[in-house]
Structure formats: structure tokens, C-alpha cells
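Each residue of the sequence shown is one higher than the one before, starting from 569 at the first, in my numbering. Glycine included, each C-beta is placed from N, C-alpha and C at the ideal position.
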Amino acid sequence: MKAILSPLLVACSLLLLTQCHPLKEQHTTTPPIQQVKPRNVILLIGDGMGLSQITAGLYSNHNRLQIERFKQIGFHKSYSSDDLVTDSAAGATAFSCGKKTYNGAIGVDPDTIPCKTLLEEAEDHGLATGLVATSTIVHATPASFIAHNPYRRNYEAIAGDFPGSGIDYFVGGGLKFFQNREKDDRNICEELRKEGYLIQDYFTNDINLIQPDPKRPFGFLTANEDPLTAENGRDYLLPAAQAGLTFLKQRSSKGFFMMIEGSQIDWGGHANNSQYIITEMLDFDKVIGDALDFAQANPGTLVILTADHETGGYSIIEGSRMDSLVTAFTTKGHSASLIPVFAFGPGAEQFQGIYENTAIYDKIMALMGW
Ligand code: MG
Ligand code: ZN
Numbered sequence: 569m570k571a572i573l574s575p576l577l578v579a580c581s582l583l584l585l586t587q588c589h590p591l592k593e594q595h596t597t598t599p600p601i602q603q604v605k606p607r608n609v610i611l612l613i614g615d616g617m618g619l620s621q622i623t624a625g626l627y628s629n630h631n632r633l634q635i636e637r638f639k640q641i642g643f644h645k646s647y648s649s650d651d652l653v654t655d656s657a658a659g660a661t662a663f664s665c666g667k668k669t670y671n672g673a674i675g676v677d678p679d680t681i682p683c684k685t686l687l688e689e690a691e692d693h694g695l696a697t698g699l700v701a702t703s704t705i706v707h708a709t710p711a712s713f714i715a716h717n718p719y720r721r722n723y724e725a726i727a728g729d730f731p732g733s734g735i736d737y738f739v740g741g742g743l744k745f746f747q748n749r750e751k752d753d754r755n756i757c758e759e760l761r762k763e764g765y766l767i768q769d770y771f772t773n774d775i776n777l778i779q780p781d782p783k784r785p786f787g788f789l790t791a792n793e794d795p796l797t798a799e800n801g802r803d804y805l806l807p808a809a810q811a812g813l814t815f816l817k818q819r820s821s822k823g824f825f826m827m828i829e830g831s832q833i834d835w836g837g838h839a840n841n842s843q844y845i846i847t848e849m850l851d852f853d854k855v856i857g858d859a860l861d862f863a864q865a866n867p868g869t870l871v872i873l874t875a876d877h878e879t880g881g882y883s884i885i886e887g888s889r890m891d892s893l894v895t896a897f898t899t900k901g902h903s904a905s906l907i908p909v910f911a912f913g914p915g916a917e918q919f920q921g922i923y924e925n926t927a928i929y930d931k932i933m934a935l936m937g938w
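And the structure:
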């Protein structure tokens, strides 16, 4: 009898305790960690940057990369709604809208319905916004943050989504999709100028010398079509990113959202060209270091680095030495392997673990309270 009674008594008195002293009970549990809301979000996307691409960059650079400064690391599952192997459009739309969609979709769901992007959320919440790419600025990755189109190659239509978007800063190639267009007479550069933008291009200005005025939104078109490779002399990614961070910081008192893409790591993979991958990887790594420097100097800045997918089925094989890699490819296309995610700044620990690519959107939305 006693043996049954005493646990009962304990249970009853515990019940009484919690009922009579609910506050006391709360004090005995660990209080939830106060999550600091990021002020700025820098999303860095290395297109086609799988672990082998990072590894090849690392060993080719005397075993050091800026990426090593990240301490919070996870993986995402990159598949799209219609293929285990994603393309860059569905891959970027997963980040921008939090939706798995079909390969080729730009900011639209599987039913081609436009979905609200992180850049649009940031605009609606009064943040400044920016996009920088080493492809054209209407290419799948940047396009998925600003445009809505059922098909990624509708470049002129995608450029037509820039006016009215409110974007504060953009740098990338593709001038021909903005003016002297094939399908209509719209001059998107002029339309943007009418909205107050300072629009410049590679013809008339040097991107390395830009100092945009934070009182005016700014766009720079770095090539008529695709920008050069880093190997062939393209050198604007770092200055465009640095000028952009300085500009966006001054542009809004509420903070900013900026996406910076190392676009051509992917093209090196498609070309099965290891040297192309490595030079693009190291060009991008400089920007990664700069973003981390900015985040250290400006607390409240969350930096997330990831890729949309891996390209080439790239691997570093036996016979390699650090200064002379032997590499192999299994495809001219993309592969389905898990993709690393690196985070730094407020909320960075949320990016640990293994999750869907769409969770990157979910985590940013939750941290920002949107
Ligand atoms: Mg891309
Ligand atoms: Zn690709």
C-alpha cells in the first residue's frame, strides 16, 4: 500500500506545485535563447559549387580558402519538383520562394503561379535590395529573385520585370535584353532611368571605379551578353560586391538583402574544365571573404553561402597532389548530390543539419520575422 501511495503522493504534490507556483516551475526550465533578428542578409550562391569544386579551389590555393572562416555548416537536398537533378532556375526559386518547382521555372510554382520572393519581401519591409552575378543579370539564378516567368530563357521578359521591382542595386551582364531588344521596342534602361535609376554599362563606364550615390538606385550592365570568364580578364565581382555592400548599408536604415552569385563555377563544370572551375571558385572565394569581413565589421549581418546544385559530377582522383590535381567528370550536366550550406552571423546555428533546399528560405523568413 505504502509503495503505491508514495509515488502517488509525489505525483500529486508535483501537480500541486506546478498549479500553485507556475512561475517557479518556469524558472527551473532553460529559458528560450533570445534570437537576435538579422539586420542584413547576404546570400552567396556558387552556381554548381559542390564539395569537389570547393576542395579543388582549396588545394589549388595552398590549402586555404576564406570559406574556412564559417563555423556553422549544414547540407541541403537540391532536387526539384520534377527531377532529382535540379537546374539553376528551380534551384534558385527554392531559395527565393521556398517552393520546390519544375526545372526552368523562374519565381513561379509548379502551376506557373508567381511566388513572392525574398527580394520582394525585403522590399515590402523597407530593406534595400541587391543582386550581383557573373552571368547576365537575367540568367536563372538572379532572375529567380526578381522575376516571375514560366521559362528561364525568356530573357527579355525577365528584364521587363526589373522596372517596378524596387531593386536598389544590380550588377551583371545582358545589356542586349534591356535595350535593342528583338521581341519589342521597350527600352528597359530608359524605363528604369524614368524611375530614378542611375543605369550605366560597360560601354561608357568602368565597373571597377563605380561609386554609386545612395540617394539613387543603381544598375550596371557589365556585358552585352555573358560576361567574360575570370581567366579571360573579368575582374568586377569583388569591386561590384564591395561597392554594393557599402551602397546598400547607406541606402536604407532598415538593413538590406543582397544575393551575390559566382555564376560561372557551373559553366566550368558544364565544360568539364577543371581550370575554369578553380579560377571561378577562387574569384568567388574573394567575395566570400569580403562578405565575412563586412559581417564582422557590421554586427547583425547574416551571411549564408551555398550552391543550387553540383555540376559535372566532378571529382579529384588518385595521382593528385595539392599543386597538381588529377580530376574526372561523370557528366556534362548537373548532379544530385547533397549541397553544403555555410552560415555566419545572427541565426547562423539554424543552418546546421540536413534539410530541403526550400528550408533556406524558411529559415531566413523565420529569422527576419516575415
Ligand atoms: Mg546561375
Ligand atoms: Zn548549370
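Problem - From Asp853, Gln818, Ser820 and Phe643, residue whose alpha carbon lies closest to that of Ser831 - result: Asp853
Exercise for the section: Name the two residues that bound the continuous beta strand (DSSP E) containing Phe745. Expected result: Looking at the DSSP string, Phe745 is not in any beta strand (DSSP E), and its letter there is neither H nor E.
Problem - Short Cβ contact (8 angstroms threshold) for Ile756 with Phe788 - result: Result no, Cβ atoms of Ile756 and Phe788 do not sit closer than 8 angstroms.
Practice task
Taking the CB atoms as reference points, tell me whether Thr709 and Ile613 lie closer together than 8 angstroms.
Solution key: yes
Practice task
May I ask whether a heavy atom of the ligand ZN can be found less than 7 angstroms away from the beta carbon of Ser820?
Solution key: Ser820: no, Cβ never under 7 angstroms from the ligand ZN.
Problem - Continuous alpha helix (DSSP H) stretch holding Phe862: start and end - result: Ser842 to Ala865 is the extent of the alpha helix (DSSP H) around Phe862.
Handout entry: Residue span of the alpha helix (DSSP H) that contains Ala809, given as start and end
Key = Start and end: Leu805 to Arg819.
Handout entry: Per-residue DSSP class, three states only, for Asp769
Key = strand
Problem - Secondary structure of Tyr723, DSSP reduced to three states - result: helix
Exercise for the section: For Tyr923, name the three-state secondary structure that DSSP assigns. Expected result: DSSP places Tyr923 in strand when its eight states are reduced to three.
Handout entry: Nearest-angstrom Cα separation, counted from Gly732 out to Lys762
Key = The alpha-carbon atoms of Lys762 and Gly732 are separated by roughly 11 angstroms.
Handout entry: Backbone secondary structure at Ser646 - three-state DSSP
Key = coil
Practice task
Name, in chain order, the residues that DSSP records as bridge partners for Asn608.
Solution key: DSSP, once it has assigned bridges, lists Thr869 as partnering Asn608.
Practice task
Starting from Gly672, follow the beta strand (DSSP E) in both directions and report where the run begins and ends.
Solution key: Where Gly672 is concerned, there is no enclosing beta strand (DSSP E), given that its DSSP letter is neither H nor E.
Exercise for the section: Could you tell me the distance, in whole angstroms, from the CA atom of Gly881 to the CA atom of Gln603? Expected result: 38 angstroms
Handout entry: Continuous alpha helix (DSSP H) stretch holding Ser620: start and end
Key = Note, Ser620: alpha helix (DSSP H), Leu619 to Ser628.
Handout entry: CA-to-CA distance, Thr926 to Lys668, given in whole angstroms
Key = 7 angstroms
Handout entry: Beta-ladder partner(s) of Arg889, from DSSP
Key = Ser892
Handout entry: DSSP beta-bridge partners of Gly787
Key = Within the DSSP bridge table, the entry for Gly787 names Phe738 and Ile767 as partners.
Handout entry: Residue interval of the alpha helix (DSSP H) (run including Gly698)
Key = For Gly698, no alpha helix (DSSP H) segment is defined; the enclosing uninterrupted segment is the beta strand (DSSP E) at Ala696 to Thr704.
Problem - Residues bridged to Ala911 (per DSSP) - result: Gln640 and Ile872
Practice task
Following the continuous alpha helix (DSSP H) through Phe663, name the residue where it begins and the one where it ends.
Solution key: Residue range Ser656 to Cys665 is occupied by the alpha helix (DSSP H) that includes Phe663.
Handout entry: Identity of the residue in Arg819, Asp851 and Asn840 nearest Ser608 by Cα
Key = A small fix is needed here, since residue 608 is Asn in this sequence, not Ser. The residue with the shortest Cα to Cα distance from Asn608 is Arg819.
Practice task
Could you check what DSSP says for Asn792 in three-state terms: helix, strand or coil?
Solution key: Residue state, collapsed to three classes: coil.
Exercise for the section: Helix, strand or coil for Thr680, going by three-state DSSP, please let me know. Expected result: coil
Problem - For Met890 and Lys645, the rounded distance between their alpha carbons - result: 29 angstroms
Problem - From Thr847, His693 and His877, residue whose alpha carbon lies closest to that of Gly625 - result: Thr847
Exercise for the section: Measure from the alpha carbon of Leu935 to the alpha carbon of each residue in Thr869, Tyr737 and Glu886, then state which is nearest. Expected result: Thr869
Exercise for the section: For the region 826–843 and the region 871–880, state whether three or more C-beta atom pairs, one from each stretch, are separated by less than 8 angstroms. Expected result: yes
Exercise for the section: Could you tell me the distance, in whole angstroms, from the CA atom of Ser821 to the CA atom of Leu695? Expected result: 8 angstroms
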